[in-house]
Amino acid sequence: MTLPWTEKYRPKSFGEVVNQEEAKHKLASWICGKFRAPREFCSRWAKLRDREVLDAKAVLLAGPPGIGKTTLVHALAREINYELIELNASDVRSAERLRQVVGRGLKEAPLFGHEGKLVLFDEVDGLHVREDLGGLETIIEIIESARVPIVMTANNPYDPKFRPLRDMSLLVSLRRLSEDEIVELLRRICASEGAKCEEEALRSIARSSLGDLRAAVNDLQMLLSGRRVLVVDDIKRVGERNPQLSMFEILDRVYRARWFDGARAVSFNPSFDWEQYLMWALESIPVVYRDVEASSEALDRLSKADVIIGRIKRAQEWELLPYALELALGGVSQVRSKPRLPPFIRYGFPQRLLILARTKEARRRRDALVEYIAQGVHASKSLVKSELIYVLSALAKRNPQIVERLRKALNMSAVDLKELLP
Ligand SMILES: Nc1ncnc2c1ncn2[C@@H]1O[C@H](COP(=O)(O)OP(=O)(O)OP(=O)(O)O)[C@@H](O)[C@H]1O
Ligand SMILES: [Mg+2]
Numbered sequence: 188m189t190l191p192w193t194e195k196y197r198p199k200s201f202g203e204v205v206n207q208e209e210a211k212h213k214l215a216s217w218i219c220g221k222f223r224a225p226r227e228f229c230s231r232w233a234k235l236r237d238r239e240v241l242d243a244k245a246v247l248l249a250g251p252p253g254i255g256k257t258t259l260v261h262a263l264a265r266e267i268n269y270e271l272i273e274l275n276a277s278d279v280r281s282a283e284r285l286r287q288v289v290g291r292g293l294k295e296a297p298l299f300g301h302e303g304k305l306v307l308f309d310e311v312d313g314l315h316v317r318e319d320l321g322g323l324e325t326i327i328e329i330i331e332s333a334r335v336p337i338v339m340t341a342n343n344p345y346d347p348k349f350r351p352l353r354d355m356s357l358l359v360s361l362r363r364l365s366e367d368e369i370v371e372l373l374r375r376i377c378a379s380e381g382a383k384c385e386e387e388a389l390r391s392i393a394r395s396s397l398g399d400l401r402a403a404v405n406d407l408q409m410l411l412s413g414r415r416v417l418v419v420d421d422i423k424r425v426g427e428r429n430p431q432l433s434m435f436e437i438l439d440r441v442y443r444a445r446w447f448d449g450a451r452a453v454s455f456n457p458s459f460d461w462e463q464y465l466m467w468a469l470e471s472i473p474v475v476y477r478d479v480e481a482s483s484e485a486l487d488r489l490s491k492a493d494v495i496i497g498r499i500k501r502a503q504e505w506e507l508l509p510y511a512l513e514l515a516l517g518g519v520s521q522v523r524s525k526p527r528l529p530p531f532i533r534y535g536f537p538q539r540l541l542i543l544a545r546t547k548e549a550r551r552r553r554d555a556l557v558e559y560i561a562q563g564v565h566a567s568k569s570l571v572k573s574e575l576i577y578v579l580s581a582l583a584k585r586n587p588q589i590v591e592r593l594r595k596a597l598n599m600s601a602v603d604l605k606e607l608l609p
């Protein structure tokens, strides 16, 4: 299995995490002020002595996706030599399970060679208020009573439901990365992969990532899969009309969405092109799900979406589009026997588009022939295309003179006609 580059190039130490200096100082000051940590680490990073920092019971790392929140906590655990107990929203969904996992993790002594334990509640905003209220309360309970460092991450900590968590935590905001910083990191990855990447290509990836380094690195890996050269035109191929989310990102979000709404939400992105999406989805479903049951369920929903779209196009009933999209996005994403997905999925460019591009010239010539014949024999083009042309072709194989007669009748050159008959 290919290692996702986001893992391969994930910074291992505090120093390697790019451009989050303020966050690093705050986080380190909190850890060093309250827990045991190596002296060199603290003297380098822990400079703050404010009450705000030292009084906080936990840390809430906040910021948009893909800018290093999870990475920073992993690097911290490594720097201070703590064992990391990591929980995500699905563990937190039931209060019971949460208590079990944390309880068990904290009761046992840290793994051999570790100084202590650090708890990470990753993506606490993945909690759904109604059904996970227990989860949120349990986190608060754990923070109140725990004697180990607890760090949480969230994209949007200002959601009112986090109020109590925010009040007891030190809020550390991470910055969105700039285009230049992202280009710089992408350039380094290209170099270490031995790939030749056009500067302008990297810039274009960076621009459409909107500061999300994970997205940028994923795009780069997809674009470079199976090749060692990257030019601007390659990017146009996958994302020309999608300045915000590339098709890779859209598919990834749909397949990995934990909830129906998450998958449905990609259609609100201004760059979402549903016609393209349907084509990519059709080809990627069996590759991604690899399971007959799951694939057939997803394909069935896609086919129902297609039926609706057929009707929309025939009758111009555009108000039906949302229903088609629900099926094509949420329906494809949430299948019953959804298998575990690999961390990195290689989405292939739809064969249909490639074939159409490759056969464009041949199709154009065949259409011209169809037109000739249709006029010559006074039949409809679709009849010629679906039947007559094959009959003629079969006849011509048996009796080459027919080609000659047909050619004269149609007033065409001999070479053309022979080539054009299927
Ligand atoms: N500041 C950074 N410096 C270097 N690499 C980074 C940085 N931010 C992100 N990365 C790269 O992007 C990948 C994703 O980062 P990370 O998982 O930390 O994002 P996140 O902020 O936790 O996002 P999310 O909110 O989606 O969980 C990392 O594996 C790393 O390769
Ligand atoms: Mg994260």
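For the record, in the sequence shown the residue sitting at position 196 is 383 according to our numbering, with numbers rising by one throughout.
Just so it is clear, CB atoms sit at the ideal spot from N, CA and C, and this is done for glycine as well.
Predicted, not measured: the structure shown is a model, and the values here were computed from it.
Residues near residue i by beta carbon distance below 6 Å, same chain, minus five either side
i, result
"Asn429", "Any reading at Asn429 must be qualified, since the residue scores a pLDDT of 42, below 50, and its modelled position is unreliable; the value itself is stated next. The answer, listed in chain order, is Ser458."
"Val311", "Met339 and Ala341"
"Val289", "Ile329"
"Lys568", "Val557 and Ala561"
"Val316", "Model confidence at Val316 stands at a pLDDT of 48, short of 50, so the residue's coordinates are unreliable; what they give is reported in the following sentence. Excluding sequence neighbours, Val316 sits near Lys348."
"Ala492", "Ala511, Leu514 and Ala515"
"Glu270", "Pro297, Leu298, His301 and Lys304"
"Leu582", "Ile589"
"Asn598", "none"
"Pro530", "Pro191"
"Tyr196", "Ile376"
8 Å Cβ cutoff met for residue i and residue j
i, j, result
"Asp406", "Ser433", "yes"
"Val571", "Val557", "yes"
"Lys199", "Arg265", "yes"
"Trp505", "Ile376", "no"
"Leu352", "Thr325", "no"
"Leu516", "Ser454", "yes"
"Ala388", "Ile422", "yes"
"Pro344", "Leu411", "no"
"Ala485", "Val522", "yes"
"Lys304", "Val335", "yes"
"Asn616", "Glu368", "Because residue 616 is not part of the residues shown, which for the chain are 188 to 609, the question remains open."
"Glu480", "Ser520", "no"
"Gln538", "Glu470", "yes"
"Ala249", "Leu361", "yes"
"Asn275", "Asp237", "no"
"Ile499", "Leu508", "yes"
"Trp461", "Tyr534", "no"
"Ile337", "Ala245", "yes"
"Ala333", "Leu373", "no"
"Val359", "Glu385", "no"
Nonlocal neighbours in the same chain, by C-beta distance under 7 Å from residue i, ignoring five residues either side
i, result
"Pro609", "Ile576, Tyr577 and Ser580"
"Val240", "Lys213, Ser216, Trp217, Gly220 and Leu357"
"Gly381", "Arg415"
"Glu427", "Residue placement at Glu427 is flagged as unreliable, the pLDDT there being 43, under the threshold of 50; a coordinate-derived value is accordingly withheld."
"Pro251", "Asn342, Arg363, Gly398 and Asp399"
"Ser628", "This structure does not reach residue 628, given that the chain is present from 188 up to 609, and the question cannot be answered."
"Arg401", "Thr193, Pro252 and Gly253"
"Trp232", "Phe201, Lys211, His212 and Ala215"
"Glu273", "Leu307 and Asp309"
"Arg443", "Leu528"
Cβ shell of residue i (< 8 Å), same chain only, five flanking positions each side left out
i, result
"Val610", "Residue 610 lies beyond the range of the chain shown here (188 to 609); nothing can be said about it."
"Ala596", "Gly563"
"Lys383", "Cys377, Arg415, Val416 and Leu417"
"Asp346", "Asp312"
"Arg390", "Glu366 and Val370"
"Ala243", "Trp217, Met355, Ser356 and Leu357"
"Ser396", "Gly253, Ile369, Ala402, Ala403 and Asp406"
"Gly518", "Ala485, Arg488, Leu489, Lys491 and Ala492"
Residue i beta carbon near ligand 3 (any heavy atom closer than 7 Å)
i, result
"Arg197", "Ligand 3 is absent from the structure shown, which contains only ligand 1 and ligand 2."
- [ ] Report the residue ranges of all alpha helix (DSSP H) runs contained in full by the region 332 to 406; include only those spanning at least 4 residues, in chain order.
- [x] Counting only runs of 4 or more, we get 350 to 355, 366 to 379 and 386 to 396.
Open item on the list: Residues around ligand 2, please: the ones whose beta-carbon is closer than 7 Å to some heavy atom of it, in chain order.
Closed with: Lys256, Thr257, Asp309, Glu310 and Thr340
Open item on the list: Any contact between the region 437 to 448 and the region 465 to 484? By contact I mean 3 or more CB pairs, one from each, below 8 Å.
Closed with: yes
- [ ] Counting only runs of 3+ residues fully inside the region 246 to 305, write out the beta strand (DSSP E) ranges in chain order.
- [x] 269 to 274
Open item on the list: To test your reading of the DSSP string, which unbroken beta strand (DSSP E) runs of 3 or more residues are found completely within the region 519 to 550?
Closed with: For the region 519 to 550, there is no continuous beta strand (DSSP E) assignment of 3+ residues that stays within its boundaries.
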